[in-house]
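To start, the structure under review is shown below, and the notes come after it.
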Amino acid sequence: MKKISLGILKPRSKNLYSQQMQVTGIDKNMTTTIEIKRDEIKGKIWSHVRSKWLVETPEETVRQEYLLVLVNEYGFALDQIAEEMDLTGRGSASARADFVLWRTTQDKVDDNAPFIIVECKSDNVTIKPQDYGQGENYARICGAPFFVTHNSRETKYWRVKKDKVPGYTEEIENIPHGNASDKDIKELLSKLRAFKEKEFADLLHKCHNIIRNREKKDPAAAFDEIAKVLFIKVYVERQLLTRRSKENLFTVDVLHRQIADNPLDNLFQETKRAYATDKIFGDEERINLKPATGEAIVKELEKYNLSDTSEDVKGVAFERFLGRTFRGEIGQFFTPRTIVEFMVHMLDPQEGDIVCDPASGSGGFLIRVFEIVREKILADADHEYNTFKAAIKEDTTLTEEQRAKKLQDKFTEMQDTIDQKSEESRLWKLSNRCIYGTDANDRMARTSKMNMIMHGDGHGGVHHHDGFLNVNGIFEGRFDIILTNPPFGANVEPTDKVLEADIKINPAAEKRYQEEYGDLYIEARNRVKSALNQPIAKLFDLPKSSINRKGETTYGKIKTEVLFIERCLDLLKPGGRLGIVLPEGIFNNPSLAYVREFTEDRAFLRAVVSLPQETFVSSGASVKCSLLFLQKFTDDEQQKFDETYATAKAETEARYADEIKTERERLESEIEAAKQAKDVEQRKILQKELKDYLKAMEARQITETRQLLKERFDYPIFMYEAEKVGISATGEEDQNELYPNDRQPAECGKTCLEWYREFLVDPSAFAVAGGAE
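The working numbering runs 5 ahead of the 1-based position in the sequence shown.
Here it is as structure tokens:
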């Protein structure tokens with residue numbers, strides 16, 4: 006059998022024809038590579054397998070370009086491959102496999118069972134197993150052990166298990182090369198594979214224990230080293246994916262072959278250089294593990310593939326690992342994934358929404374927003390193309406070639422709009438202009454950036470910075486959506502001040518931001534500058550202040566979760582939406598009524614979802630929490646609220662004016678009489694009575710004013726008491742009633758999210774029906 010060299014996919018040729026095949030001799034082996042061959046004038050593309058010209062539709066382009074991968078990169082010979090083959094025996098053009106591959110040419114000649122089935126589509130959306138049931142069906146019909154699902158965005162590889170029912174498949178890291186031996190195939194299946202949440206979590210926990218036991222590091226320091234090694238692995242896997250190289254640098258064997266004192270650190274330095282502009286790691290940072298410890302970690306990880314493991318699996322496993330390992334140490338930085346999923350879907354981010362998490366932790370909210378909006382963009386691009394395709398198909402005035410040309414042009418146009426590397430494309434804007442976050446903890450800010458890189462991008466907007474202060478593109482009035490789980494229990498102290506380092510910025514960067522964001526940025530920047538060396542609390546309204554004997558304003562301490570409410574509202578645009586995790590004391594503690602009133606004066610309360618006590622126990626927090634969803638007033642709504650409030654206040658004050666005047670005059674008269682009689686004791690009693698009376702009347706007026714306000718500025722609020730939210734007190738998976746999923750309780754006819762969406766359509770009907778229970 007011929008050995009195949011690694012081929013390079015070339016761009017469409019400007020010439021009428023591109024070279025069909027190049028054959029060169031290298032030593033004793035013949036190396037064959039094929040290239041795309043086109044007739045640009047007729048709009049045709051050459052099928053190397055069928056040896057004929059085909060009308061070049063986008064679907065045909067995807068298919069023929071993937072043939073190059075199979076031949077040039079996997080080493081399959083053309084006579085090992087069939088194209089558009091009917092496997093059902095019915096002769097239907099719509100029931101044909103794109104490619105059928107045999108292990109050897111002789112197997113094909115002898116009509117033996119195929120080796121691999123390939124299904125191609127021109128879609129851009131993420132491949133899901135249910136979307137490619139046809140490929141599995143073909144593989145089962147003909148007895149092929151592997152099948153491939155490929156589209157314009159990604160390629161996934163599957164193993165068919167004959168001893169399992171149809172629909173059961175296992176995702177694997179790759180398919181065997183064309184000249185793979187039985188040993189190669191066995192090794193492929195055993196070494197590099199995707200895996201399940203519990204398996205990954207257990208693996209991370211094992212690696213963590215290796216570091217702790219051998220290096221005697223604390224949990225947080227051990228986590229830092231695991232994060233570095235995971236990042237190296239993802240970097241190496243991406244290098245592998247771009248060239249399908251058989252040489253995986255992330256193996257103990259490769260590390261042993263290197264001469265360096267610490268080969269794993271060499272790989273880390275290479276990884277740092279690849280992401281140098283992101284400043285994720287400092288120049289001085291290195292792998293702080295003994296070579297033997299590093300090798301032990303690599304040995305555990307080398308047989309797994311992180312790049313092809315779904316983001317859901319990685320996310321859930323990571324949270325399990327952290328919940329199990331860190332508890333209260335750094336566990337508070339990780340919001341359970343089920344809560345993240347629910348909150349993001351409650352706010353329903355759309356393309357163009359600018360999103361921020363001012364206490365981003367590991368980046369869970371930002372990553373999920375990025376994933377969901379990216380999928381919406383890709384699905385929309387596919388929908389636009391397929392709608393165009395359907396219309397073209399119905400146009401009987403077009404020749405086949407004209408139809409193909411129009412489809413190709415439209416497909417190219419759509420691909421340009423979703424090219425993430427192309428500045429100003431839809432995905433570029435999502436990655437570079439829509440996702441922002443800060444965290445005051447350096448470890449978490451870095452973890453968040455790394456996490457986002459692993460999930461696709463958006464990391465450029467994440468900063469190590471105090472969440473209460475502006476930085477770069479994060480400032481007041483800028484965001485459509487805020488999603489956050491702020492730290493609880495800590496205080497912002499009067500000694501916490503705005504420092505020079507907090508506002509320092511490169512002049513060139515400041516000019517760029519001024520040009521990009523305009524007056525809104527300049528005003529926000531000046532506001533922070535004016536508070537230099539002053540308490541952070543000075544920038545906010547909620548912190549309680551007083552005037553000291555020197556006539557200076559002093560501030561008391563305030564809970565971080567309270568101040569984050571104001572910060573989030575400030576960051577939102579008028580009409581922007583907020584989803585925030587808060588301790589239940591915010592909702593029912595009498596001493597925090599002023600916080601609730603402050604919020605009600607600026608935003609609609611859209612929903613409150615109470616969570617069970619154990620929700621955050623696995624993260625080290627025992628406090629019972631609720632999820633609050635707000636929508637900041639638009640300018641018109643704020644004006645209407647203020648006018649309604651002013652009217653209600655004036656009416657209430659007028660109603661009590663005479664009574665207060667009469668009582669005040671009576672007491673003041675008696676105070677004056679006591680003063681004239683030089684009865685000091687009586688005067689003090691009367692003065693206290695007057696003070697207490699006025700205070701009581703003020704409180705009564707405020708209460709009645711707010712009651713009147715609620716009657717006149719009335720709107721429905723969705724309330725839900727959740728019992729099962731997908732996570733147990735130990736961090737294990739549990740039943741989940743928050744959104745549609747495969748762990749819904751049997752008695753849960755509708756999930757909280759489904760109830761809420763019905764509520765948004767018709768709140769009155771929802772209320773009459775009794776709502777969600």
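The C-beta atom is built at its ideal place from N, Cα and C for all residues, glycine as well.
Contact check, P63 vs L412 under 8 Å by CB: the rounded distance?
In the sequence shown, the residue the question calls residue 63 occupies position 58. In the sequence shown, the residue the question calls residue 412 occupies position 407. About 6 Å; that satisfies the 8 Å criterion.
Check for me: the alpha helix (DSSP H) holding H470 runs from which residue to which?
As a first step, residue 470 must be located in the sequence shown, where it is residue number 465. Following the DSSP letters along the chain, one finds H470 in no alpha helix (DSSP H), marked with neither H nor E.
According to DSSP, simplified to helix, strand and coil, what is F151?
On the sequence shown, position 146 is the one that residue 151 refers to. Note: F151 maps to strand in three-state DSSP.
What would DSSP say about D421, mapped onto helix, strand or coil?
By 1-based counting over the sequence shown, the position of residue 421 is 416. In the structure shown, D421 falls within a helical segment according to DSSP collapsed to helix, strand and coil.
Classify P588 as buried or exposed, calling it buried when 16 or more other Cβ atoms lie within 10 Å of its own Cβ.
The residue given as residue 588 occupies position 583 in the sequence shown. It is buried - the Cβ of P588 has at least 16 other Cβ atoms within 10 Å.
Are Y71 and C147 close, meaning C-beta to C-beta below 8 Å?
In the sequence shown, residue 71 corresponds to position 66, counting from 1. In the sequence shown, residue 147 corresponds to position 142, counting from 1. No; because the gap between Cβ atoms is not below 8 Å, this pair is not in contact.
Between L574 and K637, which are expected to be in contact by the criterion C-beta below 8 Å, what is the C-beta distance as a whole number of angstroms?
Translated into the one-based positions of the sequence shown, residue 574 becomes position 569. Translated into the one-based positions of the sequence shown, residue 637 becomes position 632. About 6 Å separates the two Cβ atoms, so the contact holds.
Put P595 into one of helix, strand or coil per three-state DSSP.
As a working mapping, residue 595 is identified with position 590 in the sequence shown. Residue state, collapsed to three classes: helix.
Is the segment 356-371 close to the segment 387-404, with three or more CB pairs under 8 Å?
Counting Cβ pairs under 8 Å, fewer than three are found: no touch.
Three-state secondary structure (DSSP) of R101
By one-based count along the sequence shown, residue 101 stands at place 96. R101 falls in the strand class under three-state DSSP.
What does I50 pair with, by DSSP beta-bridge criteria?
Within the sequence shown, the letter at position 45 stands for residue 50. According to DSSP, which records beta bridges pairwise, I50 is partnered with R43, L59.
Under the assumption that R431 contacts E356 (Cβ atoms under 8 Å), give the Cβ distance between them as a whole number of angstroms.
The residue labelled residue 431 in the question sits at position 426 within the sequence shown. The residue labelled residue 356 in the question sits at position 351 within the sequence shown. The Cβ separation is near 7 Å, so the contact holds.
If you check the beta carbons only, do F484 and V345 fall under 8 Å apart?
As a first step, residue 484 is located in the sequence shown; it is residue number 479 there, counting from the start. As a first step, residue 345 is located in the sequence shown; it is residue number 340 there, counting from the start. No, the Cβ-Cβ distance between F484 and V345 is not below 8 Å.
What do you get for V685, buried or exposed, if any count of 16 or more other CB atoms within 10 angstroms of its CB means buried?
Indexing the sequence shown from 1 puts residue 685 at position 680. The C-beta of V685 has fewer than 16 other C-beta atoms within 10 Å across all chains shown, which makes the residue exposed.
To the nearest angstrom, report how far apart I676 and T708 are at their CA atoms.
Counting from 1 along the sequence shown, the entry for residue 676 is found at position 671. Counting from 1 along the sequence shown, the entry for residue 708 is found at position 703. Going by the C-alpha atoms only, they are around 29 Å apart.
L765 by DSSP, collapsed to three states: which one?
What you label residue 765 is simply residue 760 of the sequence shown in a count that begins at 1. Per DSSP, reduced to three states, the secondary structure at L765 is helical.
Can the beta-carbon of D84 be found less than 8 Å from the beta-carbon of K113?
For the purposes of this step, residue 84 is taken as the residue at position 79 of the sequence shown. For the purposes of this step, residue 113 is taken as the residue at position 108 of the sequence shown. When the beta-carbon positions are compared, D84 and K113 come within less than 8 Å of each other.
Classify L294 as helix, strand or coil using the three-state DSSP reduction.
Sequence index remark: in the sequence shown, residue 294 carries index 289 (1-based). DSSP places L294 in coil when its eight states are reduced to three.
Around the C-beta of K169, are 16 or more other C-beta atoms found within 10 angstroms, so that it is buried, or is it exposed?
Stepping through the sequence shown from its first residue, residue 169 is reached at position 164. Residue environment: K169 is assigned as exposed (fewer than 16 neighbouring CB atoms within 10 Å of its CB, all protein chains considered).
Which ranges would you report for the alpha helix (DSSP H) in the segment 577-622 if only whole runs of at least 4 residues count?
Runs of the alpha helix (DSSP H) spanning 4 or more residues and lying entirely within the segment 577-622 occur at 590-593, 598-605, in chain order.
Since C361 sits in a beta bridge, which residues does DSSP pair it with?
Taking the first residue of the sequence shown as 1, we reach residue 361 at position 356. Note: C361 is bridge-paired with Y441, I487 in the DSSP secondary-structure output.
Does the distance from the C-beta atom of F493 to that of R611 stay below 8 Å?
Within the sequence shown, the letter at position 488 stands for residue 493. Within the sequence shown, the letter at position 606 stands for residue 611. Contact flag unset, no.
Assuming L544 contacts R532 (C-beta within less than 8 Å), just tell me the rounded distance between them.
Position 539 of the sequence shown, counted from the start, is the residue given in the question as residue 544. Position 527 of the sequence shown, counted from the start, is the residue given in the question as residue 532. About 7 Å separates the Cβ atoms of L544 and R532, confirming a contact at the 8 Å cut-off.
Could you pull the start and end residues of the beta strand (DSSP E) that Y560 belongs to?
Residue 560 sits at position 555 when you count from the first residue of the sequence shown. Unbroken beta strand (DSSP E) run through Y560: 558-560.
Quick one: give me the first and last residue of the alpha helix (DSSP H) that R262 is part of.
Here the question's residue 262 lines up with position 257 in the sequence shown. Per DSSP, the continuous alpha helix (DSSP H) segment holding R262 begins and ends at 257-262.
Pull up the CB-CB distance for C609 and Y720, whole angstroms please, since I reckon it's below 8 Å.
Here residue 609 is taken as the residue at index 604 of the sequence shown, counted from 1. Here residue 720 is taken as the residue at index 715 of the sequence shown, counted from 1. In the sequence as presented, Cys is not what sits at residue 609; that position holds Phe. Contact between F609 and Y720 holds: their C-beta atoms lie close to 6 Å from each other, under 8 Å.
Per the contact definition of three or more C-beta pairs closer than 8 Å, is the segment 497-513 in contact with the segment 433-453?
In this structure the segment 433-453 does not touch the segment 497-513; the number of beta carbon pairs closer than 8 Å is below three.
Sequence-distant residues of its chain with Cβ nearer than 6 Å to Y518 (five each side left out):
Along the sequence shown, one-based indexing puts residue 518 at 513. Answer for Y518: Y526, listed in chain order.
In angstroms, rounded to a whole number, what distance separates the CA positions of R1 and H350?
Outside the displayed range of the chain (6 to 778) lies residue 1, so it cannot be described from this structure.
Can you find the residues in the same chain that come closer than 6 Å, C-beta to C-beta, to R748, ignoring five residues on each side of it along the sequence?
Counting from 1 along the sequence shown, the entry for residue 748 is found at position 743. Excluding sequence neighbours, R748 sits near Q740, N741.
Could you give the distance in angstroms between the alpha-carbon of K49 and the alpha-carbon of M419?
As a working note, residue 49 is residue 44 in the sequence shown. As a working note, residue 419 is residue 414 in the sequence shown. Between K49 and M419, the C-alpha separation is close to 20 Å.
Range of the contiguous beta strand (DSSP E) that encloses I122
Residue mapping note: residue 122 aligns to position 117 of the sequence shown, counting from 1. First-last of the beta strand (DSSP E) with I122: 121-125.
Could you say if the segment 268-277 and the segment 288-305 meet the contact criterion of at least three C-beta pairs nearer than 8 Å?
Enough Cβ pairs lie closer than 8 Å, so yes.
Beta carbon of V153, beta carbon of V105: below 8 Å?
Counting from one through the sequence shown, the residue named residue 153 turns up at place 148. Counting from one through the sequence shown, the residue named residue 105 turns up at place 100. Contact: no.
Using a Cβ-Cβ cutoff of less than 7 Å, which residues in the same chain neighbour D260 once the five nearest sequence positions on both sides are dropped?
Residue 260 sits at position 255 when you count from the first residue of the sequence shown. It should be noted that the sequence gives Leu, not Asp, for residue 260. Excluding residues within five positions, the ones whose Cβ falls inside 7 Å are P268, L269, E300, V303.
Can you say whether I9 is buried or exposed, counting buried as having 16 or more other CB atoms within 10 angstroms of its CB?
In the sequence shown, the residue the question calls residue 9 occupies position 4. Confidence at I9 is low in this model, with a pLDDT of 28, below 50, so the placement of that residue is unreliable and no value is reported for it.
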